[in-house]
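Numbering (full-length UniProt numbering), first residue to last: 1 to 420.
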Amino acid sequence: MPHARLRALLSRCPRPVLLALLLAGAGTTAGADESELLSREEREALDLSEYRVNEPDAGYFDVAARMSELDRVDSSILLQEIDQLAQGPSCQQLLEYEPITTRVRIPGYYPNPEEWELASEPLFRFEDNVSMLAGAFVASGDDYYAECLVRYLDHWAEAEALTDFHYDSMQPQAWFATESMLFAAGMAYSVVRPYVEGLEEERERLEAWLNELAHLHADIPGEPDNSCCNNHFYRRALYGSVIGVLTEDDELFRFGVSAIYSALHDMTDQGALPLEVNRGRRATHYQNYALLYLVTNMQVVARQGYEEIFDLEIEGRTIHDGVDFLFEILEDPAALGDYAPLEQYTGFLKDPQYFTWMEIYQTRFDDSRVDDFVTRVRPLYNRSAGGYATLYFMSPDAQTHVHQDEEQRQTEAFRGLGQQ
Numbered sequence: 001m002p003h004a005r006l007r008a009l010l011s012r013c014p015r016p017v018l019l020a021l022l023l024a025g026a027g028t029t030a031g032a033d034e035s036e037l038l039s040r041e042e043r044e045a046l047d048l049s050e051y052r053v054n055e056p057d058a059g060y061f062d063v064a065a066r067m068s069e070l071d072r073v074d075s076s077i078l079l080q081e082i083d084q085l086a087q088g089p090s091c092q093q094l095l096e097y098e099p100i101t102t103r104v105r106i107p108g109y110y111p112n113p114e115e116w117e118l119a120s121e122p123l124f125r126f127e128d129n130v131s132m133l134a135g136a137f138v139a140s141g142d143d144y145y146a147e148c149l150v151r152y153l154d155h156w157a158e159a160e161a162l163t164d165f166h167y168d169s170m171q172p173q174a175w176f177a178t179e180s181m182l183f184a185a186g187m188a189y190s191v192v193r194p195y196v197e198g199l200e201e202e203r204e205r206l207e208a209w210l211n212e213l214a215h216l217h218a219d220i221p222g223e224p225d226n227s228c229c230n231n232h233f234y235r236r237a238l239y240g241s242v243i244g245v246l247t248e249d250d251e252l253f254r255f256g257v258s259a260i261y262s263a264l265h266d267m268t269d270q271g272a273l274p275l276e277v278n279r280g281r282r283a284t285h286y287q288n289y290a291l292l293y294l295v296t297n298m299q300v301v302a303r304q305g306y307e308e309i310f311d312l313e314i315e316g317r318t319i320h321d322g323v324d325f326l327f328e329i330l331e332d333p334a335a336l337g338d339y340a341p342l343e344q345y346t347g348f349l350k351d352p353q354y355f356t357w358m359e360i361y362q363t364r365f366d367d368s369r370v371d372d373f374v375t376r377v378r379p380l381y382n383r384s385a386g387g388y389a390t391l392y393f394m395s396p397d398a399q400t401h402v403h404q405d406e407e408q409r410q411t412e413a414f415r416g417l418g419q420q
């Protein structure tokens, strides 16, 4: 069926019928290979009109409730996080950092990891700064940090930063790198905005800047069977959801929601995400990497009153199947079958930033596998996808002390679940 005709048909269908037609039209029964993936055109044809921004200040967790809870905790993990963050940075010092106004160019990661890291350092610093200010506000309750974050983002908005980045299909790294800057800014700002009084002009300007950047960035479709639809799409969807909420932009919000539908459509019956597990020795890493953005995005969507998003089922598949498959291949890489070799890269297990999604997941689903894993790696922090996840989400009675010391964590906790 031609895409235009398919879009016209789907736009008139109730969602259950729509999904059935879409799945039939795509020839998909198990999402087993790339020929059966949901195309960008089919994704854009989804009728997601039932999703709209309902609570612009909802953010991705209940900030007031969490701050009240943190006032009463005796968990040394949480108290340590609070102590470290409550003495936050100097706002004046942060405002001295120059916004990135020149054309952003980033070399590819895999051929040049050192060059990539050097070029990315100013971008990472931005992400760390905004996340740190949000964390300092939650830890201290001091409006100074909330207002500083507004001024910091407005400083970049005034300079029209990040509006010029290099992109072509063979050199997408600058496009990739700015994805995380957008959702880092959006998620951090969502934490503090309800608590900032005044600064109306600054807030209006920075919100317009974030919205413009999100549309500018999302308008690039990406490559078929690659960045159009893989983990990079899930990353773009995260800024779509959070900035869509902040700016009351239903179009952006639905763009974010569409990634969840796309992922569940593409998922195999076993829970594998084909575009992620087709990554050779990094198949396990990318299955987890996709979950990082999908679960975090689901949390943003759920906070708009769509709690059922975590149990959304398409052709019998839910996000829980993706989680199950991750733990299965961590335990036994042979479960990857023909997708990838047994000799899987496990270096990502040494970096806790990849597992912040587990704090979110565990607050909703008491999963013993997740509990065992996060107990070994807390506290969890991701400079862009949600910041201080343990501080924001961990149940105060879930864990009292850090698991062993850092050296033991590196040698024991991160070996891979199959070797525990």
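We put the beta carbon where it would ideally sit given N, CA and C, even for glycine.
For A214, count neighbouring C-beta atoms within 10 Å of its own C-beta (all shown protein chains included) and say buried if the count is 16 or more, exposed if not.
buried
Who are G387's beta bridge partners in DSSP?
G387 pairs with N382.
Kindly indicate which three-state DSSP category D143 falls into: helix, strand or coil?
helix
What residues are listed by DSSP as bridge partners for D168?
For D168, which the question treats as bridged, DSSP gives the partners Q171.
DSSP three-state assignment for V104, whether helix, strand or coil:
strand
CB-CB under 8 Å to I77, same chain, minus the five flanking residues each way: which ones, in chain order?
R378, P379, T390, M394, Q399, T400, H401, V402
Please state whether DSSP places I220 in a helix, a strand or coil.
coil
Rounding to the nearest angstrom, what Cα-Cα distance links D269 and W116 in this structure?
36 Å
Can you tell me whether T346 is buried or exposed? The criterion is at least 16 other CB atoms within 10 Å of its CB, across all chains shown.
Around the CB of T346, 16 or more other CB atoms lie within 10 Å, so the residue is classed as buried.
Close Cβ partners of G271 (< 6 Å) along its chain, the five nearest in sequence each way excluded
These residues qualify, in order along the chain: D321, G322, D324, F325.
By Cβ distance below 8 Å, which residues in the same chain neighbour P113 in space, the five residues on each side in sequence not counted?
Cβ neighbours of P113 within its own chain (closer than 8 Å, five residues either side excluded): none.
Have a look at the DSSP bridge pairing and note the partners of I319.
DSSP output for I319 lists no bridge partner at all.
Per-residue burial, H232 [other beta carbons within 10 Å of its own, 16 or more giving buried]:
buried
Residue from L264, R369, P172 with nearest C-alpha to E331:
R369
Per the DSSP calculation, I314 is bridged to which residue(s)?
Secondary-structure assignment with DSSP links I314 through a beta bridge to R317.
Out of E81, D83, R103, V192, state which residue places its alpha-carbon closest to the alpha-carbon of G59.
V192
Anyone know if the C-beta pair for R383 and A184 falls short of 8 Å?
yes
Verify whether the separation of the beta carbon atoms of L273 and A259 is less than 8 Å.
no
On the CB-based measure, 16 or more other CB atoms within 10 Å of its CB, does M181 come out buried or exposed?
buried
Pull up the distance between the alpha-carbon of residue 457 and that of P111, whole angstroms please.
In the structure as shown, the chain starts at 1 and stops at 420, and residue 457 therefore has no counterpart that could be examined.
When we look at the beta-carbon of M267 and count the other beta-carbons within 10 Å, is it buried (16 or more) or exposed?
buried
Roughly how many whole angstroms lie between the Cα atoms of L123 and A177?
8 Å
Give the straight-line distance between the Cα atoms of A237 and L264, rounded to the nearest whole angstrom.
When rounded, the distance between both Cα atoms is 14 Å.
For the candidate residues E158, P172, L292, S68, whose alpha-carbon lies nearest to that of D351?
Nearest C-alpha to D351: L292.
Output the distance between the C-alpha atoms of L275 and A218, rounded to the nearest integer angstrom.
Taking the Cα positions, L275 is about 19 Å away from A218.
Is it buried or exposed for E307, if we count other Cβ within 10 angstroms and need 16 for buried?
exposed
I'd like the span of the alpha helix (DSSP H) that includes R369, first residue to last.
368 to 377
Going by CA-CA distance only, name the one from A385, G387, D397 that's closest to T375.
D397
Tell me, to the nearest whole angstrom, how far the beta carbon of R66 is from that of Y381; I am working on the premise that it is less than 8 Å.
Y381 and R66 do not touch by the CB rule: their CB atoms are close to 16 Å apart, not below 8 Å.
Contact between the stretch 120 to 140 and the stretch 94 to 103: three or more CB pairs below 8 Å?
yes
Start and end residues, alpha helix (DSSP H) containing C229:
From DSSP, C229 is part of no alpha helix (DSSP H); its letter is neither H nor E.
Using a threshold of 8 Å, state whether the C-beta atoms of V104 and A174 are closer than that.
Yes, they are a contact pair.
Which residues in the same chain as R40 place their Cβ atom closer than 7 Å to its Cβ, once the five residues preceding and following it in sequence are excluded?
P221, C228, C229
Out of L252, Q362, F327, state which residue places its alpha-carbon closest to the alpha-carbon of V53.
L252
Could you work out which residue in P56, L342, Q362, Y189 is closest to I329 when comparing CA atoms only?
With distances taken between Cα atoms, I329 lies closest to L342.
Compare the C-alpha of P107 against each of S131, D128, F165 and name the closest.
F165
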